[in-house]
Every structure is written in C-alpha cells, then in structure tokens.
Amino acid sequence: MLPVYDWDSGRYLGEIPQAAQTYATIGNMNEHSLIIAESTYGGREELADSTGRID
Numbered sequence: 033m034l035p036v037y038d039w040d041s042g043r044y045l046g047e048i049p050q051a052a053q054t055y056a057t058i059g060n061m062n063e064h065s066l067i068i069a070e071s072t073y074g075g076r077e078e079l080a081d082s083t084g085r086i087d
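If you want it as structure tokens, here you go:
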C-alpha cells in the first residue's frame with residue numbers, strides 16, 4: 033500500500049494499492065521524457081495569440 037498525503041497541508045489521507053510494476057520518473061517526467069505540467073501565466077496582453085484553441 034502507498035500512503036497518500038494532501039499536497040498543501042501534508043495531512044495523511046489514506047492508502048492506495050501500489051502498482052505491481054512502475055517506471056522511472058523525475059519530477060513530472062517519465063522514462064520517455066514526456067512531461068505533464070500546467071501554467072497559470074497571466075502575461076502581457078500584447079503577447080496573447082487570439083488564434084489559439086485555449087486562449
């Protein structure tokens with residue numbers, strides 16, 4: 033079993049079963065150099081791309 037903690041407070045939330053096999057990760061990057069991340073950038077208005085799907 034793998035203990036689970038709240039990211040902000042560190043409060044113990046419980047346990048979940050551990051996978052039988054895991055792979056190498058460094059932070060949010062896996063063994064194929066795939067990274068998952070998010071951005072909360074609220075940059076300058078003139079740099080916005082109005083043709084983008086998410087803008």
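Mapping of the sequence shown onto my numbering: residues 33 to 87, in sequence order.
Ideal placement from N, C-alpha and C gives every residue a C-beta, glycine not left out.
Residue range 34-37 is occupied by the beta strand (DSSP E) that includes P35. The beta carbon of G46 lies closer than 6 Å to those of V36 in the same chain, with the five residues before and after it left out. Within the model, the alpha-carbon separation for A51 versus E77 is close to 45 Å.
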